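Protein chains in written order, with the numbering used here: chain A, 237 to 790; chain B, 17 to 231; chain C, 235 to 549.
From the three backbone atoms N, C-alpha and C, an ideal C-beta is built for every residue, glycine too.
This one's a predicted model, so the numbers in the text were calculated from it and none came from an experiment.
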């Protein structure tokens with residue numbers, strides 16, 4: 237029996253081929269698709285939905301906090317902040333860039349026709365939605381009220397809300413993460429086009445690879461954690477209950493062993509996106525490509541060794557605290573290197589200020605500020621003061637919202653023409669980017685001050701003397717809400733009335749820009765042969781060379 | 017469907033060999049994940065075992081040693097039959113392949129049978145936390161944690177074993193359709209890797225459950 | 235010293251001053267780094283914008299020197315911050331013997347405070363100024379966190395164990411006490427005040443609380459009521475460790491480990507004797523878990539702490 241090898245070059249010419257968006261139009265063709273691009277859009281719909289659900293919770297919270305008297309019943313507020321955390325972390329931030337742009341662009345950027353396991357990819361979306369239904373059930377029935385961290389014994393014994401439902405939703409969600417990340421790791425290892433060596437991979441692909449490694453190693457621990465938590469709550473077994481010999485700190489260690497890497501899961505893809513956008517809009521190669529790849533991988537690995545910095549005042553031994561503080565400072569070094577490299581990547585470039593670039597530059601500044609506040613938290617004696625206050629809330633929102641959400645919007649605008657075949661209205665996009673930046677800083681900078689003044693987090697009310705700062709923060713939140721809704725409007729508009737996009741509107745070097753806008757079902761007419769490093773932009777000569785070797789004038 | 021059509025690789029693969037190798041890599045990567053899953057559980061066990069060594073030793077005495085040991089022998093043998101099945105596949109010995117797969121399924125079911133008997137004996141010993149638990153003298157409260165670990169770990173292991181059996185049945189179906197031949201038997205290898213993992217997990221669970229306090 | 239900084243919170247303890255210094259140093263460092271990044275970005279973005287005529291020739295090719303340079307500088311700076319912070323942390327959390335001890339029990343949603351003399355308060359803690367106060371904390375239910383912003387100090391209060399902190403206030407006044415670990419419905423209102431009084435005022439306050447029995451005296455009553463004196467008392471025939479002067483010594487346990495006999499150790503022995511049997515003694519002490527409230531446990535511990543005498547030296 238002979239084995240046939242299909243002649244890849246014999247596939248129909250893509251210029252004749254219909255785009256992946258229009259090639260099949262039935263609902264079934266979308267719901268049972270194996271095309272990574274369609275699955276990316278399916279994920280996009282799901283996470284956008286949850287972004288607005290989580291955002292609605294945040295809106296209610298900030299409305300409540302505008303006055304000490306508040307708006308919501310304490311129990312409702314407590315459930316709002318818990319569900320806001322759970323939904324934003326697991327149902328928006330963690331899947332956001334990987335499941336949408338990762339799914340869409342990793343095969344394109346490495347010159348492949350799809351991911352290694354397309355059915356697993358689709359299954360990941362279904363499992364995500366199943367977990368989404370579960371968390372919506374928990375929310376609609378009244379919500380859990382333990383904080384997204386589910387600290388025991390509050391969550392296992394004393395809490396009255398829908399803790400089991402929420403924990404099970406997170407449990408199921410983990411499987412979606414695992415499936416997606418497994419796909420990416422195997423794809424990046426084995427499906428790169430000829431000539432696409434590891435050190436020619438675009439930094440976005442490195443970012444997705446790094447995040448997938450972290451997801452694979454960290455998520456199973458969360459799976460076991462949520463299982464044990466649900467089991468404890470359901471049966472009353474004292475796994476984490478001191479009255480029955482259990483240890484509340486064991487829960488914290490196990491939880492943070494996953495959740496600290498999780499926060500790096502939320503930032504690494506954003507870093508990858510920014511490393512794509514800055515070289516393109518500065519028209520020059522990234523500064524220190526090798527250093528950037530090593531920084532991504534070191535962050536991924538070191539992230540597993542710092543978890544107890546969330547527990548400096550929790551009752552761990554002071555010597556453990558010292559060790560984890562040291563490790564935390566170590567993990568901050570590669571992040572600092574990246575900030576320097578991004579900034580210096582502007583030197584001697586030819587910079588334009590399209591919306592993706594505005595989001596990318598905003599990312600760098602907000603990430604730097606958030607990271608500096610992280611240094612303060614890594615410093616043991618300062619953390620003793622500001623742990624559990626709004627200082628921490630401000631820190632993580634600077635990174636997760638200021639940085640990651642900016643990167644998400646940057647990616648959205650950068651790749652919109654490729655995904656949809658349409659250009660978005662540039663002026664509206666720039667306005668939204670700037671509005672986001674203003675609204676964000678107004679919302680979260682006052683929270684640093686509130687934290688240092690001593691306002692605890694997870695509080696539905698506060699002493700009147702702190703009202704001014706809270707009002708400023710709530711005002712900023714209203715601006716931010718507008719800034720995040722605007723893209724929905726003008727991007728939606730562009731789908732029908734936007735200018736048709738050329739194949740490479742940004743004149744970028746990646747392989748994804750040699751496929752049509754939008755690409756056909758199988759991406760490339762023939763598998764590209766890669767001969768160039770990424771980001772071969774030359775600002776002096778106003779030329780660039782795509783990764784498969786074709787030189788272009790601007 | 018003609019046999020040769022089954023050997024066309026999916027569109028993202030250049031050759032069927034690549035598809036087979038990538039499938040195996042996928043399973044290995046998944047197993048790293050599974051190792052951390054079971055690892056987190058075993059870690060919890062060890063935290064409590066080192067905190068309450070005496071209670072665990074007393075509680076562990078009720079574990080049915082002969083069941084656990086017999087099951088270890090059954091499972092190790094099944095790993096052997098699994099490898100023999102893959103070998104047969106590589107040599108295109110279709111009948112032998114089916115026989116060895118059936119043997120593996122049989123041994124897997126035997127494991128489940130012995131486990132079921134052991135669960136029945138455990139109920140009689142009243143070592144089922146929450147449902148019917150009677151603490152033995154000297155156990156304190158921590159002994160119940162030993163049994164929580166026992167029931168969770170063995171159930172999860174059994175679920176994985178049942179999945180493995182299901183996958184083997186699926187393999188038999190694919191063999192019947194002529195899709196597993198010496199030209200392409202990667203699916204069988206993937207299942208074999210998973211089966212070996214299920215066996216390995218048991219090798220770690222066995223001393224944790226049956227050998228605690230018996231030195 | 236830093237009160238000129240706008241909105242700077244009050245500082246009322248020695249711990250607060252130490253942390254202030256470190257915080258301001260890091261704030262300045264952060265400002266410098268942030269301004270550098272902003273300035274560089276603004277400069278590059280202006281000078282190298284698309285329309286400008288600045289030369290793009292001579293772009294740096296070998297980036298390693300810069301990268302190694304700023305990596306080393308960053309790492310060096312971080313290590314300095316680490317050492318500064320770690321030293322202070324070890325000092326902040328190593329509770330010394332103290333001039334005065336106060337016992338706190340956190341529960342949903344209030345702070346119950348008791349002084350060794352038996353004075354009790356809810357959501358308030360009166361302490362004398364310029365004295366080292368040692369606070370032993372327990373939780374009746376979930377994890378809480380005892381935070382005094384003016385002291386820049388907090389520690390979680392964890393059920394199942396004792397946590398100990400210390401502070402030394404230097405300025406009389408009333409300072410906010412917060413709970414900073416979400417503990418359920420009324421977490422946001424689990425507040426109180428720490429009232430720092432001058433020595434004479436504090437002594438006067440102690441006498442006006444209408445209390446007749448100190449904690450140790452109440453503890454002695456509980457010690458007898460629960461049958462502890464049956465084995466640990468002077469005339470007992472049971473082979474049980476003597477508790478005279480045990481507090482503060484090192485105890486050798488059955489499993490070979492050595493533990494300092496502090497409050498947490500004594501609580502562990504009472505609630506989980508099987509795991510903390512002293513070497514050379516039979517494991518026969520009954521288990522009191524679930525039978526004694528946190529408040530009563532503290533009284534018993536206070537009583538044992540008050541027992542003087544010399545422990546027989548072992549090995």
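The beta carbon of residue 658(A) sits closer than 8 Å to the beta carbons of 652, 730, 731, 734, 735, 736 and 737 from its chain, once the five residues preceding and following it are set aside; these are given in chain order.
Judged by DSSP in its simplified three-state form, residue 788(A) adopts strand.
At a beta-carbon threshold of 9 Å, the residues of chain B lying near residue 509(C) are 67, 68, 69, 70, 71, 156 and 158, ordered along the chain. For the C-beta of residue 789(A), not a single chain C residue is nearer than 9 Å; the gap to the nearest is close to 15 Å.
Using a C-beta cut-off of 8 Å, the stretch 638-653 of chain A makes no contact with the stretch 296-306 of chain C, since fewer than three inter-stretch Cβ pairs fall below that distance. Taking CB atoms only, residue 451(C) has no neighbour in chain A less than 8 Å away. With respect to the 8 Å criterion, residue 514(A) and residue 556(A) are not classified as neighbours on the basis of their beta carbons. Two segments are said to touch when three or more pairs of C-beta atoms, one from each, lie closer than 8 Å; by this definition the stretch 433-451 of chain A does not touch the stretch 382-396 of chain A. Distance between residue 361(C) and residue 427(C), taken at the CA atoms: about 11 Å. Looking from the CA of residue 314(A), the closest CA among 384(A), 254(A) and 258(A) belongs to 384(A). Residue 342(A) and residue 103(B) have their alpha carbons spaced roughly 36 Å apart. Residue pairing from DSSP places residue 389(C) in a beta bridge opposite 380(C). At a cut-off of 8 Å between beta carbons, residue 623(A) contacts chain C. When DSSP reads this structure, residue 398(C) sits in a beta bridge with 370(C).
Apart from sequence neighbours up to five positions away, the residues of its chain that approach residue 741(A) with a beta-carbon distance below 7 Å are 653 and 659, ordered along the chain. Judged by DSSP in its simplified three-state form, residue 487(C) adopts strand.
Among the bridge pairs identified by DSSP, residue 774(A) is matched with 779(A). Your pair residue 204(B) and residue 79(B) does not check out as a contact, with CB atoms roughly 35 Å apart and the cut at 8 Å. When Cβ-Cβ separations below 8 Å define contact, residue 168(B) makes contact with chain A.
A check of alpha carbon separations from residue 275(A) across 412(A), 485(A), 595(A) and 319(A) identifies 412(A) as the nearest. If you draw a straight line from the Cα of residue 67(B) to the Cα of residue 446(C), it is about 41 Å long. Annotation: the stretch 44-82 of chain B contains the following complete segments of the alpha helix (DSSP H) (minimum length 4 residues), in chain order: 69-76. Within the stretch 521-544 of chain C, the residues whose Cβ lies closer than 9 Å to any Cβ of chain B are, in chain order, 521 and 523. In the three-state scheme derived from DSSP, where H, G and I count as helix and E and B as strand, residue 360(C) is classed as strand. The residues 570, 573 and 574, in chain order, have a CB closer than 6 Å to that of residue 531(A) in the same chain once the five nearest residues on each side in sequence are set aside. Cβ-Cβ separation between residue 330(C) and residue 363(C): approximately 17 Å, too far for a contact (criterion under 8 Å).
Residue 498(A) and residue 450(A) have their alpha carbons spaced roughly 8 Å apart.
Checking the DSSP bridge columns, you'll see residue 148(B) partnered with 144(B). Looking at the backbone, the Cα of residue 704(A) and that of residue 461(A) are separated by about 40 Å. Taken in chain order, no unbroken stretch of beta strand (DSSP E) lies wholly in the stretch 402-427 of chain A with a span of 3 residues or more.
DSSP places residue 235(C) in the coil class of the three-state scheme, outside both helix and strand.
In the DSSP assignment, residue 193(B) forms no beta bridge with any residue. A direct Cα-Cα distance of roughly 50 Å separates residue 395(C) from residue 39(B). Nearest in C-alpha terms to residue 593(A), of all of 509(A), 562(A), 543(A) and 550(A), is 509(A). Counting only unbroken stretches of 3 or more residues, the beta strand (DSSP E) elements lying wholly within the stretch 316-350 of chain C are 334-341 and 344-348, in sequence order. Under the three-state reduction of DSSP output, residue 447(C) falls in the coil class, being neither helix nor strand.
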